[in-house]
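Report on one structure; see the data block that follows.
Number of protein chains: 2
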Amino acid sequence: MNGAESLVHTLLGSGVDVCFSNPGTSEMHFVAALDRIPGMRCILGLQENVVTGAADGYWRMAEKPACTLLHCGPGLANGLANLHNARRARSGIVNIVGDQAVYHRPFDAPLTADTTGWAQGVSAFVRTSTRAEDVGADAAVAVQAARTSPGQVATLILPSDSSWNEGGVVAKALPVPAVPEADPHAVRQVAQVLRGKRNVLLLLGGLALREGAQQQAHRIAAATGAKLMCEGSSARVQRGRGRLPLDRVPYVVEQATEALKWVEHLVLVNAKAPVGFFGYPGKPSILYPAGAEVHVLTRLDQDAEAALAALADELGAPKAAIPDPGPRPEAGRGALSPEGLAQTVAALMPEGAVVVDEAVTYGRGFFPHTNAAPAHDWLQNCGGAIGYGPAAATGAALAVDGRRVIALQADGSAMYTVQALWTQARERLPVTTVLLSNRKYQILLGEYRNVGANPGRTAMDMLDLGNPDLDWVRLANGMGVEAAKAETLDQCADLMAQSFARPGPFLIELLI
Amino acid sequence: MNGAESLVHTLLGSGVDVCFSNPGTSEMHFVAALDRIPGMRCILGLQENVVTGAADGYWRMAEKPACTLLHCGPGLANGLANLHNARRARSGIVNIVGDQAVYHRPFDAPLTADTTGWAQGVSAFVRTSTRAEDVGADAAVAVQAARTSPGQVATLILPSDSSWNEGGVVAKALPVPAVPEADPHAVRQVAQVLRGKRNVLLLLGGLALREGAQQQAHRIAAATGAKLMCEGSSARVQRGRGRLPLDRVPYVVEQATEALKWVEHLVLVNAKAPVGFFGYPGKPSILYPAGAEVHVLTRLDQDAEAALAALADELGAPKAAIPDPGPRPEAGRGALSPEGLAQTVAALMPEGAVVVDEAVTYGRGFFPHTNAAPAHDWLQNCGGAIGYGPAAATGAALAVDGRRVIALQADGSAMYTVQALWTQARERLPVTTVLLSNRKYQILLGEYRNVGANPGRTAMDMLDLGNPDLDWVRLANGMGVEAAKAETLDQCADLMAQSFARPGPFLIELLI
């Protein structure tokens, strides 16, 4: 058995059975092993940021890692931005990065690069398997690292001779480390805060945004009057009927400080204390009041649902049903607006849909209008590197097998991983992309005006996506995805409903 | 004056007047400074690998650096693969990478990443300007580093507060370091080899492939019987009538060792001793005979033309005219073949064209059929990270202002930086892309068969680009580039001739 074969067997034995890939020469023995050994579903992406972003989306919905197959340092580099997003979303991914043969690397052949150095910035685990004998054991550790709460990026670098040499040993799956429980002292301390203090915010992140944890959080809020919010961006929020109508911490600094100005006690549940996405002259970095006390109920890796349940019990909080969100919205009519689009999505989405949200500026207000939608999952870009959406939608669709994925996608961001549409067509994935075509980097125009100037010709050359306008119908068609344009909410609703009724991907270019 | 303004003035004063950019929030003050201060041509790329690859192509033809404008660590990461290619091509580039404000970075906001660590793998110079007062001086050093022979990637990280704070100081341009001369001892030693030994190969790289250096090399070859070749991939070879009909070191290991098996003395002129692109089981890493002696006439940074002239003089070699390459080929007719396509390009290309070659497998034999073309420049991918072509063609076109760029481009590679077509349309660049559509990763199918197996279903899922077929006419049209399909050499020739007669970009999808 060669090293590559031991790798495939070990991955499969460790529960990793999807491989998002863009291989190269140094990975051919691994590809051959995948071909010979049944069990791994291999999905080609035409650029590595599609590959890594898909693995992120897959983890969020499948709750187990996929592996990626990347070609040398530059192949890893192409996928780093979405690995950065995955790291921020705390997604588990096992990267397999092929590299020069151990004996060949010193010759500094053209593709030789700083594979390890590039991996370190995104990975909780980086190891190079320099012998075929080690590949299986290293892979088992990599999978364990990826599955370590709350989810981590693990990168295994595989020199081609470690792949082709005989001597491979299949390793048994290592146990998934238990999710650490909250410190009972932290639970008691937060209970004391909730009993004695006013103006308490429980900020929910990570697994605290799943349905079970939300129910416990709601018990606490109902019993104490504490407020509940989620972070500005979350990896996966369970939303819609039966879930909490949570507000996000706003993106814009002024709006965030306004929304949080009442907070005296900030309780973190799998969340980070909110800070600005960027620093701005004369504006604060920290979005909550300087005098507020911060309390950690659970660290990012700890069991939020159990801690919230323990806290609710400690408080003697009775069971509390999550209130009815009112009637489901009707699809919007007439002229486009963010609210109308959100209502249309809420009106039409099938039960159990997955919304992948990279709507950026247009989507900041979508949440309040979708609370009364059927139960669904909502995924956001947690790292701010644009181009997460088309890729994550692809991976999420593969994870949920048949459930509809609705990608709410800004145009500038979509161009970063436009190649993902081809994978959606190839795999016939039920992804409906609502492409928000405003033909500019709207977020930057806003930021530019913040600088205190109106953009002139040179600035517009860098902020405007028109001249020429991107034609998203042709782009999608060119990659085998059916598409149509919409200029009104009625047209958008019609196309959305049609696409939900059919298998396979569809793109709606919405001229906003 | 703020730091951003001092940066723009310093760059302009140092001769950097083109900025390939994809800015974000943290760069808005720099964008505002570019808007206020005239002189910088700003070119938007819709993904950063377009931006960095364009800067590479620009350097190769302009012989001076452009700057890039990249957004935080992830923006840099997206451009790393083409920076890797630029490093291998020894291109000078000044990266300006915006980053979190110095005081904001410790808060670990979502886009915060290992900007420095990622830059180091491709950069000869990395510095973070942590004070507005330092930005100008740091920029001057960065430009000097980029212009240091043979050309280097320099990365200046610009925290947003260093950009917006007052106190900026414009720095004077630093002198471009002189190109080091060859060691006279090396010249004499190589002369001795050429006088006394047989089977000598002069391997030319870098600036040894420019017309003047070629003339000197030809004197030496004519006087001594030494052979001349160029490396497997070169940043820029001056070719066609009046230039040498050089052969490349073949890519395939068996072909390369066969082509070099006669070599007893290998003389390196701005070149590296040839090694395989990859290691393969049972095949050598080194492509020249184990017993051959290697002599360095010039290191990568030394003055090749002067050294070759000194060597020719030392040998008493008379002037020697580069021989006539024979009649210009006629455009091919009928069925497609690599030779026919090369002849068609040679038959139709305008004088002074720039060929950007990322034809990969299909293009390995193009050189012999284009020797009798008019004088032209030929640019290749030196780092092996695919996706260099569409981006480099864009940058090269901007550098040569009106000369026709002919991009010979494989489809799998083109998908990596497909967004470059939009920049070509926006800037109305005279780029004719011949898109070689074979709908597979042909190079990998060959490598896979080398593994000793025929690809099964799973392997083909990762090597085949069909299902669905990419429609390049629609993709190009979707980004504002006119395009048409060709299936025969006649159709290709007609479209090529038409495109050469018109301004602006055109794409020919050639179904090979």
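Protein chains in written order, with the numbering used here: chain A, 1 to 512; chain B, 1001 to 1512.
Don't be surprised by glycine CBs; every beta carbon is placed ideally from N, CA and C.
**OP:** Report, in whole angstroms, the separation of the C-beta atoms of residue 345(A) and residue 378(A), which I expect to be a contact under 8 Å.
**Re:** Residue 345(A) to residue 378(A), Cβ: 10 Å. No contact.
Original post:
Per the contact definition of three or more C-beta pairs closer than 8 Å, is the segment 1316-1327 of chain B in contact with the segment 1212-1226 of chain B?
Top reply: Short answer: they touch.
**OP:** Note the first and the last residue of the continuous alpha helix (DSSP H) segment covering residue 1214(B).
**Re:** 1211-1224
Subject >> Inter-residue spacing [alpha-carbon to alpha-carbon] between residue 534(A) and residue 132(A) >> reply: Outside the modelled stretch of chain A, which goes from 1 to 512, sits residue 534(A), for which no answer is possible.
**OP:** Determine, using beta carbons only, whether residue 1099(B) and residue 1115(B) come nearer to each other than 7 Å.
**Re:** yes
Original post:
Is any beta-carbon of chain B found at less than 7 Å from that of residue 499(A)?
Top reply: Closer than 7 Å to the CB of residue 499(A) there is not a single CB belonging to chain B.
Subject >> Short Cβ contact (7 Å threshold) for residue 332(A) with residue 489(A) >> reply: yes
Subject >> Buried/exposed call for residue 1192(B), threshold 16 Cβ in 10 Å >> reply: Flag for residue 1192(B) reads exposed.
Subject >> Whole alpha helix (DSSP H) elements within the segment 291-328 of chain A, 4-residue minimum >> reply: 304-314
Subject >> Proximal residues to residue 175(A) (C-beta, below 8 Å), its chain only, five neighbours per side dropped >> reply: 144
Original post:
What three-state label does DSSP hand residue 384(A) in the structure shown?
Top reply: In the structure shown, residue 384(A) sits in coil (DSSP, three-state: anything other than H, G, I, E or B).
Original post:
Taking the Cβ atom as the reference point for each residue, do residue 1046(B) and residue 415(A) lie within a distance shorter than 7 Å?
Top reply: yes
**OP:** Using a cut-off of 9 Å between C-beta atoms, extract the partners of residue 100(A) located in chain B.
**Re:** At a C-beta separation below 9 Å, residue 100(A) has these neighbours in chain B: 1278, 1279.
Original post:
Looking at C-beta atoms only, is the number of pairs between the segment 193-211 of chain A and the segment 41-59 of chain A that lie closer than 8 Å three or more?
Top reply: The segment 193-211 of chain A is not in contact with the segment 41-59 of chain A.
Subject >> Of the listed residues 1479(B), 1111(B), 1050(B), nearest to residue 121(A) (C-alpha basis) >> reply: Proximity to residue 121(A) across 1479(B), 1111(B), 1050(B) peaks at 1111(B), based on C-alpha coordinates.
Original post:
With respect to the beta strand (DSSP E) encompassing residue 1056(B), which residues constitute its N-terminal and C-terminal limits?
Top reply: Taken as a continuous stretch (DSSP letters only), residue 1056(B) belongs to no beta strand (DSSP E), being part of the alpha helix (DSSP H) at 1048-1062.
Original post:
If we ignore side chains and look at the alpha-carbon of each, how far apart do residue 1076(B) and residue 1156(B) end up?
Top reply: 11 Å
**OP:** Please report how far the alpha carbon of residue 65(A) lies from the alpha carbon of residue 25(A), in whole angstroms.
**Re:** 25 Å
Subject >> 7 Å CB neighbourhood of residue 10(A) in its chain, flanking five on each side removed >> reply: 136, 139, 140, 170, 171
**OP:** Kindly indicate the opening and closing residues of the beta strand (DSSP E) around residue 1229(B).
**Re:** 1227-1230
Original post:
Which class does residue 127(A) belong to by DSSP, given the choice of helix, strand or coil?
Top reply: Residue state, collapsed to three classes: strand.
**OP:** Quick one: list the residues of chain B neighbouring residue 25(A), beta-carbon separation under 8 Å, in chain order.
**Re:** 1277, 1278, 1443, 1444, 1447
Original post:
Opposite residue 1017(B) in the DSSP bridges: which residues?
Top reply: Per DSSP, none; premise fails for residue 1017(B).
Subject >> Cβ-Cβ separation, residue 1051(B) to residue 1034(B) (assumed contact under 8 Å), whole Å >> reply: The pair is not a contact, with the Cβ atoms about 15 Å apart (cut-off 8 Å).
Original post:
Under the three-state reduction of DSSP, which class applies to residue 510(A): helix, strand or coil?
Top reply: strand
Original post:
Of the choices 347(A), 405(A), 103(A), 57(A), whose alpha-carbon is the least far from that of residue 82(A)?
Top reply: 57(A)
Original post:
Does residue 1397(B) have its Cβ less than 7 Å from a Cβ in chain A?
Top reply: no
**OP:** Check residue 1257(B) in the structure and name its three-state DSSP category.
**Re:** helix
Subject >> Complete runs of the alpha helix (DSSP H) confined to the segment 138-214 of chain A [at least 4 residues] >> reply: Listed in chain order, the complete alpha helix (DSSP H) runs (minimum 4 residues) inside the segment 138-214 of chain A are 160-164, 184-196.
**OP:** Report yes if the CB atom of residue 117(A) is closer than 7 Å to the CB atom of residue 1117(B), and no otherwise.
**Re:** Yes, the Cβ-Cβ distance between residue 117(A) and residue 1117(B) is below 7 Å.
Original post:
Are residue 462(A) and residue 1159(B) close, meaning C-beta to C-beta below 7 Å?
Top reply: no
Original post:
Can you give the Cα-Cα distance for residue 18(A) and residue 235(A), rounded to whole angstroms?
Top reply: 20 Å
Original post:
For residue 1345(B) and chain A, any beta-carbon pair shorter than 7 Å?
Top reply: no
Original post:
Pairing CB atoms from the segment 1366-1375 of chain B with CB atoms from the segment 1389-1407 of chain B, are three or more of them under 8 Å?
Top reply: no
Original post:
residue 1488(B) by DSSP, collapsed to three states: which one?
Top reply: coil
Original post:
What separation, rounded to the nearest whole angstrom, lies between the Cα atoms of residue 163(A) and residue 484(A)?
Top reply: 46 Å
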